[in-house]
RNA sequence: GGCCCAUUGGUCAAGUGGUUAAGACACCGCCCUUUCACGGCGAUAACAGGGGUUCGAGUCCCCUAUGGGUCACCA
């Protein structure tokens, strides 16, 4: 383990994996892989009040779906277990007491009521509340007496009275904060469990984490962590703080405002690979113009240097494009596999060759969920307005559409092989012999076949898929409609 | 409010004192074309503002503005 790069993903189980979390996990995974290191999963569940049933399963499932395999974790074990903080609670108190012994921490018996009162008083006068160190001056005897009497207590970190604390961040550089800004934060809560701030440091050390990746909301508490590392005499990890992912309106992505989680995106028709690729590039640049990266390629290319400091807007447009790129790079068979669930049962049992539909759909699909509404007309001809036959650029109107469709009938009846090429040759031949533009024949047919103004493929492609009988039936319907109107 | 951080086109972003300030998405136009897409070509569009330092500043320093974070026995 010595000398090895070790990163960790340390979510608290809330039951919702938002995109920012996913990106953090991804970066941690990539840093580990890039350096032949280990990627560790640790569950931070020290907040009993926020416990959510089944939430850890969401985490396992997401990592697995995303392909971010961890090397150590609650489900697979490892040399630094247990990997669930609530199962490690015994050791935190021990470490906190070590700090008490060296004077880097102290017992505090202040009630929440007293703290609240002090805070209210200070804020009433426009001041900034910070714990007033009421218990710092307690004598040894007094402390022992209170402890023996079973009084509830917390353990607080003692911040230096003077000077300042600096730390290095791989993204933001050197950051210095005046020690007077630092509060004597709680390390051990009155329920005996550690706070996140403390458990995090202890566990990162015990698990020999070398690179800590987290959201930059932790930037301001990092000096306190450094002080803890120093008090213990432990090595300080490389900090990598990443910016937030925001929405076009500038607000943070959140579950509350209905923003999609990783799983939501998948169910909205995005491919895992595309989401991973997109998220990797949200806040990181490879320094080249390459944009399409498989996870394997990211493992090779990822470099901390390319992480950006400023927040990134989650742009669904670009994700759409990227999803389309992934779809287009598939083989037809692969696309057919992912598209098939979006074809209705009725369509699949209609005798229509859905593989041919997939062929047409592949270059036209960005998001899988758009498929049903695009192919519905294959299943049954929708009601449509004959105004659709009028098209300026195609030089069609209801009158010449009607004559066109009538002229088309015998050609279709007589065609030898019912496929796109043959049909196209026959119909353009017809147009030529009639002295009209191809579009004047093909546009009315496409309209009659689909009843839609936009279709995935042209008249003859649709005709091939619909088959001779159905195509002719639909064209007759078109002729009827037009005849009644003219 | 104190402290910390950020700011290159609408969006993602390259850029580490000397560039005509890349590339991509979106948008717009043209080509291809049996609609739509795909593909190809092209156009519009940016260093937040002001002071310095320097022969020279998107790059370094200061101020201002705007945005974000943080100030819990939450993580």
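In my numbering, the protein residues as written are 106 to 591.
The C-beta atom is built at its ideal place from N, Cα and C for all residues, glycine as well.
Nearest to residue 136 by CA position, among 164, 281, 316, 353, is which residue?
-> Locating residue 136 in the first chain gives position 31, where the first residue counts as 1. Residue 136 has its Cα closest to that of 316, out of 164, 281, 316, 353.
Is the closest heavy atom of the ligand SAH to the C-beta of residue 574 under 7 Å?
-> The model on display carries no ligand, and the ligand SAH is accordingly not part of it.
Residue 143, enclosing beta strand (DSSP E) - first and last residue = As a working mapping, residue 143 is identified with position 38 in the first chain. Residues 143-146.
Determine the burial state of residue 143: buried for a count of at least 16 other Cβ atoms within 10 Å of its Cβ, exposed for fewer.
-> Stepping through the first chain from its first residue, residue 143 is reached at position 38. With 16 or more Cβ atoms within 10 Å of its Cβ, residue 143 is classed as buried.
Can you tell me the Cβ-Cβ gap for residue 292 and residue 201, rounded? I've got them flagged as a contact below 8 Å.
-> Residue mapping note: residue 292 aligns to position 187 of the first chain, counting from 1. Residue mapping note: residue 201 aligns to position 96 of the first chain, counting from 1. With a Cβ gap of about 5 Å, residue 292 and residue 201 count as contacting.
Starting from residue 344, follow its DSSP beta bridges and name the residues at the other end.
-> Taking the first residue of the first chain as position 1, residue 344 is located at position 239. According to DSSP, residue 344 bridges with 274, 317.
Collapsed DSSP secondary structure at residue 394 in the structure displayed = Counting from one through the first chain, the residue named residue 394 turns up at place 289. DSSP places residue 394 in coil when its eight states are reduced to three.
Environment of residue 116 [buried if 16+ CB atoms lie within 10 Å] = The sequence position of residue 116 within the first chain is 11, counting from 1. Looking at its Cβ environment, which holds 16 or more other Cβ atoms inside 10 Å, residue 116 is buried.
Taking all protein chains shown into account, do 16 or more other C-beta atoms lie within 10 angstroms of the C-beta of residue 253, making it buried, or fewer, making it exposed?
-> Position 148 of the first chain holds residue 253. It counts as exposed.
So, residue 564 versus residue 580, is the Cβ gap smaller than 8 Å?
-> Numbered from its first residue, the first chain carries residue 564 at position 459. Numbered from its first residue, the first chain carries residue 580 at position 475. Their beta carbons are not under 8 Å apart, which means residue 564 does not touch residue 580 by this criterion.
Provide the residue(s) that pair with residue 182 in DSSP beta bridges, ordered along the chain.
-> As a working mapping, residue 182 is identified with position 77 in the first chain. DSSP lists 178 as the beta-bridge partner residues of residue 182.
For the alpha helix (DSSP H) holding residue 475, just list the boundary residues, first then last.
-> Counting from one through the first chain, the residue named residue 475 turns up at place 370. Per DSSP, residue 475 is not a residue of any alpha helix (DSSP H), being assigned neither H nor E.
Whose CA, out of 367, 546, 140, 215, lies closest to the CA of residue 129?
-> On the first chain, residue 129 is found 24 positions in, with the first residue counted as 1. The residue with the shortest Cα to Cα distance from residue 129 is 367.
In this structure, does DSSP put residue 524 in helix, strand or coil?
-> If you number the first chain from 1, residue 524 lands on position 419. If DSSP states are grouped into helix, strand and coil, residue 524 belongs with coil.
Helix, strand or coil for residue 292 per DSSP?
-> Taking the first residue of the first chain as position 1, residue 292 is located at position 187. In this structure, residue 292 counts as strand in the three-state DSSP scheme.
Proximity to residue 484 [Cα-Cα], best of 507, 555, 138 | As a working mapping, residue 484 is identified with position 379 in the first chain. Out of 507, 555, 138, 555 has the C-alpha closest to the C-alpha of residue 484.
In angstroms with no decimal places, state the Cα-to-Cα distance between residue 191 and residue 339.
-> Against the first chain, residue 191 aligns to sequence position 86. Against the first chain, residue 339 aligns to sequence position 234. The C-alpha of residue 191 lies about 23 Å from the C-alpha of residue 339.
Span of the alpha helix (DSSP H), counted from its first residue to its last, around residue 261 | Residue 261 sits at position 156 when you count from the first residue of the first chain. No alpha helix (DSSP H) contains residue 261, which is instead part of the beta strand (DSSP E) from 259-262.
In whole angstroms, what separates the C-alpha of residue 381 from that of residue 397?
-> As a working mapping, residue 381 is identified with position 276 in the first chain. As a working mapping, residue 397 is identified with position 292 in the first chain. Computed Cα separation, rounded: 10 Å.
Would you say the segment 270-280 touches the segment 329-349, given that touching needs at least three Cβ pairs under 8 Å?
-> yes
Note down, in chain order, each residue of its chain lying with its Cβ closer than 7 Å to the Cβ of residue 326, except the 5 sequence neighbours on either side.
-> The sequence position of residue 326 within the first chain is 221, counting from 1. Around residue 326: 302.
Determine, using beta-carbon pairs with one atom in the segment 253-268 and one in the segment 283-297, whether at least three such pairs fall under 8 Å.
-> yes
List the endpoints of the continuous alpha helix (DSSP H) containing residue 367.
-> Numbered from 1 along the first chain, position 262 holds the residue referred to as residue 367. 367-372 is the span of the alpha helix (DSSP H), which, as asked, contains residue 367.
What are the boundary residues of the alpha helix (DSSP H) that includes residue 330?
-> Along the first chain, read from residue 1 onward, the residue named residue 330 stands at position 225. Unbroken alpha helix (DSSP H) run through residue 330: 327-337.
Is the segment 436-452 touching the segment 460-469, taking contact as three or more C-beta pairs under 8 Å?
-> Flag = yes, the segment 436-452 and the segment 460-469 touch.
Residue 163 to residue 361, Cα distance in whole Å?
-> Reading the first chain from its first residue, position 58 is the one you call residue 163. Reading the first chain from its first residue, position 256 is the one you call residue 361. Computed Cα separation, rounded: 18 Å.
How long is the line joining the alpha carbons of residue 552 and residue 435, rounded to whole angstroms?
-> Position 447 of the first chain, counted from the start, is the residue given in the question as residue 552. Position 330 of the first chain, counted from the start, is the residue given in the question as residue 435. Looking at the two C-alpha atoms, the distance is approximately 30 Å.
Spatial distance of residue 176 from residue 324 (CA atoms) | Taking the first residue of the first chain as position 1, residue 176 is located at position 71. Taking the first residue of the first chain as position 1, residue 324 is located at position 219. Their backbone Cα atoms lie some 27 Å apart in a straight line.
In whole angstroms, what is the alpha-carbon distance linking residue 188 and residue 150?
-> The sequence position of residue 188 within the first chain is 83, counting from 1. The sequence position of residue 150 within the first chain is 45, counting from 1. Cα to Cα, residue 188 sits roughly 10 Å from residue 150.
State the Cα-Cα distance for the pair residue 400 and residue 170, rounded to the nearest angstrom.
-> Residue mapping note: residue 400 aligns to position 295 of the first chain, counting from 1. Residue mapping note: residue 170 aligns to position 65 of the first chain, counting from 1. Straight-line Cα distance between these residues: approximately 12 Å.
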